[in-house]
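Counting from 1, one number per residue, gives the positions in the sequence shown under UniProt numbering. Quick notes on the structure that follows.
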Amino acid sequence: MKAKLGIAPIAWWNDDLAELSDDVSLEECLRQASEAGFTGMETGRRFPMDMNELGPILKRYGISVCGGWFSGLLLDGDMEAEKDRIRAQMDFFIAARAPCIVYGETARSIQGIRSAPLTTKPRLSEEDIRIYGRRMTAFAEWCADEGMPLAYHHHMAAPIETEAELDLLMKHSGPALHLLFDTGHMYFAGGNLLRVIDRHHARISHVHTKDVRNAVIDSLDRSSESFLDAVVKGAFTVPGDGSIDFLPIIERLASYGYEGWFVVEAEQDPALNPPLDMARKGHAALLQLMAQAEYRVAS
1 MKAKLGIAPI AWWNDDLAEL SDDVSLEECL RQASEAGFTG METGRRFPMD
51 MNELGPILKR YGISVCGGWF SGLLLDGDME AEKDRIRAQM DFFIAARAPC
101 IVYGETARSI QGIRSAPLTT KPRLSEEDIR IYGRRMTAFA EWCADEGMPL
151 AYHHHMAAPI ETEAELDLLM KHSGPALHLL FDTGHMYFAG GNLLRVIDRH
201 HARISHVHTK DVRNAVIDSL DRSSESFLDA VVKGAFTVPG DGSIDFLPII
251 ERLASYGYEG WFVVEAEQDP ALNPPLDMAR KGHAALLQLM AQAEYRVAS
């Protein structure tokens with residue numbers, strides 16, 4: 001079994017919380033990720049959307065583009081408008097030979113609203129999800145036909161957050177809509193991680209190995225505190241530093257033949273959790289886990 005290890009730049013620069021951003025350049029971020037041992041990085045706000053500019057920088061540090069977030073609005077938006085919105089990123093990712101675009105639904109989401117309590121997340125009926133799933137399938141089919149598949153990111157405080165909501169989306173969408181399985185977000189949402197893999201392994205094309213600090217999650221008042229409050233309090237961390245037992249998760253993915261990227265994504269305060277130190281810790285933990293699950297990690 002083959003695996004690649006990547007990391008997200010959110011440990012260095014947080015797009016929603018400027019106070020949780022380290023003052024480093026793109027090159028320094030890539031240098032640190034490479035020093036920690038990673039061979040891939042998802043894109044962030046300091047990445048130029050041009051491979052003529054970015055390509056030589058990535059090559060210098062032995063890093064490739066292993067995905068990146070797109071703030072989708074398809075729940076409420078117009079299909080053709082969404083195609084226009086994603087076009088530039090799609091062309092860039094095709095040139096970068098990225099494995100996928102990470103689709104995050106931001107219509108109605110409260111994930112970026114500091115004042116919105118977790119309990120006020122949008123709720124969709126099964127009929128709503130049926131209609132949405134049909135639209136997401138059509139959009140994913142178009143993206144794939146254009147040369148860049150989507151990986152759908154279930155997310156705290158978003159329309160598709162819980163295990164039950166994800167089950168319904170998978171039920172009412174087609175195979176062109178691949179799934180990004182995020183351990184931290186599903187754990188935070190109260191889902192059963194192994195059951196999600198068992199049910200949806202055929203759709204999983206990308207994995208975020210986000211760890212959590214369970215004590216922080218348990219201490220939250222979800223009726224008054226928001227997703228961003230949870231981030232500030234330190235709800236997330238890297239594998240090996242939190243509460244999730246990753247070995248059975250990685251072994252279960254291996255049992256279904258998953259091969260691809262395992263991406264560390266852990267937004268937290270860089271002053272309290274220096275990004276290079278955390279990147280090293282996450283990479284070391286994943287290397288050990290990959291060996292135990294009999295993955296061969298690409299260097």
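Don't be surprised by glycine CBs; every beta carbon is placed ideally from N, CA and C.
Identified DSSP bridge partners for residue i
i	result
threonine 237	Asp211
histidine 178	Ala151
valine 232	In DSSP, valine 232 forms no bridge with anything.
glycine 188	Note that residue 188 is phenylalanine in the sequence shown, not glycine. Looking at the DSSP assignment, phenylalanine 188 forms no beta bridge with any residue, so it has no partner.
valine 24	According to DSSP, which records beta bridges pairwise, valine 24 is partnered with nothing at all.
phenylalanine 70	Tyr103
phenylalanine 262	Leu5, Val207
arginine 222	Per DSSP, none; premise fails for arginine 222.
Between the CA atoms of residue j and residue i - distance to the nearest angstrom
i	j	result
isoleucine 131	aspartate 167	14 Å
histidine 153	aspartate 15	17 Å
methionine 186	leucine 180	11 Å
tryptophan 53	serine 219	In the sequence as presented, tryptophan is not what sits at residue 53; that position holds glutamate. The straight-line gap from Cα to Cα measures roughly 45 Å.
threonine 120	leucine 169	20 Å
glutamine 111	methionine 278	24 Å
arginine 46	isoleucine 10	11 Å
aspartate 229	glycine 68	24 Å
glycine 55	alanine 176	29 Å
isoleucine 63	glutamate 127	43 Å
phenylalanine 70	tyrosine 103	5 Å
proline 270	alanine 235	14 Å
serine 173	arginine 134	6 Å
alanine 144	glutamate 82	14 Å
aspartate 78	arginine 85	10 Å
proline 122	cysteine 100	26 Å
alanine 284	serine 125	42 Å
aspartate 76	valine 207	27 Å
glutamate 161	serine 255	25 Å
glutamate 294	serine 224	44 Å
Rounded distance between the beta-carbons of residue j and residue i, thought under 8 Å
i	j	result
alanine 8	valine 264	7 Å
arginine 31	leucine 118	With 8 Å as the limit, arginine 31 and leucine 118 do not qualify as a contact, their Cβ atoms being about 36 Å apart.
threonine 43	valine 65	6 Å
isoleucine 250	leucine 193	Their Cβ separation, rounded to whole angstroms, is 11 Å, which puts isoleucine 250 and leucine 193 out of contact at 8 Å.
leucine 58	alanine 107	Wrong, their Cβ atoms sit about 32 Å apart, outside the cutoff.
alanine 116	methionine 51	37 Å between Cβ atoms; not a contact.
methionine 148	methionine 90	5 Å
Nearest neighbour of residue i, chosen from the options [CA to CA]
i	options	result
isoleucine 129	Ser115, Glu105, Asn273	Glu105
alanine 298	Cys29, Glu27, Gly37	Gly37
glutamate 259	Ser205, Val232, Phe246, Leu287	Ser205
serine 21	Pro248, Leu75, Val231	Val231
isoleucine 217	Ser109, Tyr256, Ala254, Met156	Met156
glycine 257	Glu225, His201, Asp269	His201
alanine 266	Asp182, Ala189, Ser115, Ala151	Asp182
threonine 237	Ser224, Phe262, Phe246, Gln268	Gln268
glutamate 28	Glu294, Leu276, Ile113, Ala164	Leu276
glycine 184	Asn214, Leu17, Lys210, Arg195	Lys210
histidine 178	Gly190, Ala215, Phe139, Val212	Phe139
Minimum length 3: unbroken beta strand (DSSP E) runs contained in the region 94-130: Along the region 94-130, the beta strand (DSSP E) occurs as fully enclosed runs of 3 or more residues at 101-105, listed in sequence order.
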